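Student: Pasting in a structure now, in structure tokens, and then I'll have a few things to ask.
Protein chains: 4
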Amino acid sequence: MNQNTVDMILKFRDDRDWKQFHNPTDLAISISLEAAELLEIFQWSGTDMQCRDKLPHMKEEIADVLVYCIQLCDVLDLDPEEIIRTKMAGNCAKYPVDKAYGSAKKYTELK
Amino acid sequence: MNQNTVDMILKFRDDRDWKQFHNPTDLAISISLEAAELLEIFQWSGTDMQCRDKLPHMKEEIADVLVYCIQLCDVLDLDPEEIIRTKMAGNCAKYPVDKAYGSAKKYTELK
Amino acid sequence: MNQNTVDMILKFRDDRDWKQFHNPTDLAISISLEAAELLEIFQWSGTDMQCRDKLPHMKEEIADVLVYCIQLCDVLDLDPEEIIRTKMAGNCAKYPVDKAYGSAKKYTELK
Amino acid sequence: MNQNTVDMILKFRDDRDWKQFHNPTDLAISISLEAAELLEIFQWSGTDMQCRDKLPHMKEEIADVLVYCIQLCDVLDLDPEEIIRTKMAGNCAKYPVDKAYGSAKKYTELK
């Protein structure tokens, strides 16, 4: 994440004195709620959904999820890039290419 | 987002030929499910939760949310940083500092 | 809801002295988490999902959602049947048959 | 669930010819979205939330979750009461009173 982007998010929060509300539980709830607002765009859409019409709305909801994730990382003193890289290293071990290639199975079901 | 991090995520997907599963609906569902796994860490914790014990688990779940957001941005051809900056500009207009300072109210309830 | 079923749920809770944990926030979180576990059954399934294979798992997750709803109703002193009937009466007003027939639109978009 | 209540829900759906939209995936998504709307009432509320102010809104959202659960049961040909009773029997086995009494631990963590 570009430091300017992170700074913009944290400055927005601090300019409004909102850090007092940003306990981890409420931020985790907020991530979940924004994820639901994103998912709502796809409700009743079946397979015929014309994504493109909904793109402006999707952009906003994906951004909301990302912004709350960055705010949660800040209060927990985590670096978003670092936790992603660590998780991806774990995923590589759980999903070896030769077993996972072309398969949507969960790692617990791979043989 | 550092380009190396994004590349690591997309290479992981492409090495396993998983882009075929990555339609926007299933990615939006996945973001919502990972957000729930993050929230589950806080279930029944009340206000006494000792976050620090749960930090390793939180890191993984926040990372999962971020990874699926980046994958959804990729299939929709969106730049994560750009949609965040656009959203934050909108938030600044919706939540003027003088009205929103120190208040947890939604912008529709600010006076 | 049959009173025997409600009684079974509340007796289960009280036999274990769990009412102390059942504040409305944690019950609302729990409903959301169980709904996510239900949704997870459909992740990556596309349109070809063979529901029937997953039916035993679905039964459990739908039951979990219902059980937490009944427990939340209990702590808020609500009657599940009554709130459903009131809501359905409201839905009938929001979605008049002549406008809503065969349409998946939200009531705010009906003309 | 009282048969009159179930009938009211299904009649509402059928009067509007909406069964065509009620595939299990979209109903599972809908349950998750309504659960998020319920949870949203508790966002930023901390422990001081005055539930009573929010009760009319809660009633509506709990009802929405229940209604979609009943609709999902209908398309999957499940009896809500029966799946609840089966699940509760399983919960009794997973959470024996002597081990689970007064404990908020998951059954996998009980000793």
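Protein chains in written order, with my numbering: chain A, 76 to 186; chain B, 76 to 186; chain C, 76 to 186; chain D, 76 to 186. Here a beta-carbon is modelled for each residue, glycine too, at the ideal position from N, C-alpha and C. Because the structure is a prediction, the values reported are computed rather than measured.
Just to make sure I have the definition right: I need the residues of chain C whose C-beta is within less than 9 Å of the C-beta of B:L108. Which are they?
Tutor: Those are A111, E112, L114, E115, Q118, listed as they occur along chain C.
Student: Does C:A138 come within less than 9 Å of chain A when only Cβ atoms are used?
Tutor: By this cut-off, C:A138 is not an interface position.
Student: Contact between the segment 84 to 99 of chain B and the segment 93 to 100 of chain A is defined here as three or more beta-carbon pairs at a separation below 8 Å; is this criterion met?
Tutor: No, they do not touch.
Student: Using the three-state DSSP reduction, which class does A:A103 fall into: helix, strand or coil?
Tutor: Here A:A103 sits in helix by DSSP.
Student: So B:L113 packs on B:I137, CB below 8 Å; how close in whole Å?
Tutor: Correct: roughly 6 Å between the Cβ atoms.
Student: Taking only beta-carbon atoms, is C:A179 less than 9 Å away from chain E?
Tutor: Among the chains of the structure shown, chain E does not appear; the protein chains present are A, B, C and D.
Student: Which chain C residues sit within Cβ distance under 7 Å of B:D101?
Tutor: Going along chain C in sequence order, the residues near B:D101 (Cβ under 7 Å) are Q118, W119.
Student: Check whether the Cβ atoms of C:C144 and D:C167 sit closer than 9 Å, and answer yes or no.
Tutor: No, the Cβ-Cβ distance between C:C144 and D:C167 is not below 9 Å.
Student: Could you give the residue range of the alpha helix (DSSP H) that holds D:M163?
Tutor: From DSSP, the alpha helix (DSSP H) with D:M163 extends over 155 to 169.
Student: Under the three-state reduction of DSSP, which class applies to B:M133: helix, strand or coil?
Tutor: Helix at B:M133.
Student: Can you pull the chain A neighbours of D:I158, defined as C-beta to C-beta under 9 Å?
Tutor: Correct list: empty, because the minimum Cβ distance to chain A is about 24 Å.
Student: Tell me which same chain residues have a C-beta within less than 8 Å of the C-beta of D:D154, skipping the five on either side of it?
Tutor: The answer, listed in chain order, is C148.
Student: Going by other Cβ atoms of all chains shown within 10 Å of its Cβ, with 16 needed for buried, is C:Q146 buried or exposed?
Tutor: Burial call: buried.
Student: Run down chain B in chain order and give the residues with a C-beta less than 7 Å from the C-beta of A:T80.
Tutor: E156, I159, R160, listed in chain order.
Student: Would B:I84 count as contacting chain D if we go by Cβ distances under 9 Å?
Tutor: It does not; no Cβ of chain D falls within 9 Å.
Student: Check each candidate in B:Y176, B:Q118, B:H132, B:I159 and name the one with the smallest Cα separation from D:A179.
Tutor: Selected option, being the one with the closest Cα: B:Q118.
Student: Could you compute how far the alpha carbon of A:H132 sits from the alpha carbon of D:R88?
Tutor: Whole-angstrom Cα-Cα distance: 28 Å.
Student: How should B:D139 be labelled, buried or exposed, when 16 other C-beta atoms within 10 angstroms of its C-beta is the threshold for buried?
Tutor: Per the 10 Å Cβ criterion, buried.
Student: Rounded to whole angstroms, what's the CA-CA distance from C:A111 to B:I104? Just pull it up for me.
Tutor: Whole-angstrom Cα-Cα distance: 9 Å.
Student: DSSP state of D:Q146, grouped into three classes?
Tutor: The answer is helix: DSSP assigns D:Q146 an H, G or I state.
Student: Using the three-state DSSP reduction, which class does C:A179 fall into: helix, strand or coil?
Tutor: In this structure, C:A179 counts as coil in the three-state DSSP scheme.
Student: Looking at B:K186: is its Cβ nearer than 9 Å to the Cβ of B:K169?
Tutor: Not closer than 9 Å, so no.
Student: Quick check on this structure: which residue in A:I159, A:V142, A:V150 has the alpha carbon closest to the alpha carbon of A:E109?
Tutor: The shortest Cα separation from A:E109 among A:I159, A:V142, A:V150 belongs to A:V142.
Student: Check C:P151 in the structure and name its three-state DSSP category.
Tutor: The question names Pro, but residue 151 of chain C is Leu in the sequence shown. In this structure, C:L151 counts as helix in the three-state DSSP scheme.
Student: Please list, in chain order, all residues of the same chain as A:T161 whose beta carbon is under 7 Å from its beta carbon, the five residues on each side excluded.
Tutor: Hits under 7 Å: none found.
Student: To the nearest angstrom, report how far apart A:N77 and A:V172 are at their CA atoms.
Tutor: For A:N77 and A:V172, the distance between alpha carbons rounds to 30 Å.
Student: Distance, Cα to Cα, D:L151 vs B:I106?
Tutor: Each residue's alpha carbon lies about 26 Å from the other.
Student: I'd like to know whether the C-beta atoms of D:G177 and C:E135 end up nearer to each other than 9 Å.
Tutor: Result no, Cβ atoms of D:G177 and C:E135 do not sit closer than 9 Å.
Student: Whose C-beta lies closer than 6 Å to the C-beta of C:I84 among residues of the same chain, with five residues either side of it excluded?
Tutor: Contacts found: V142, I145.
Student: Flag B:I145 as yes if its beta-carbon sits less than 9 Å from any beta-carbon of chain D, otherwise no.
Tutor: Chain D, which has no Cβ nearer than 9 Å to the Cβ of B:I145, makes this no.
Student: Below 9 Å between beta carbons: does that hold for C:T183 and D:I159?
Tutor: Contact flag unset, no.
Student: What residue does the alpha helix (DSSP H) around C:R88 start on, and which one ends it?
Tutor: It spans 78 to 90 - the alpha helix (DSSP H) in which C:R88 sits, taken as one unbroken run.
Student: Would you say A:Y182 faces chain B, with C-beta separation under 9 Å as the test?
Tutor: No, A:Y182 does not count as interfacial toward chain B.
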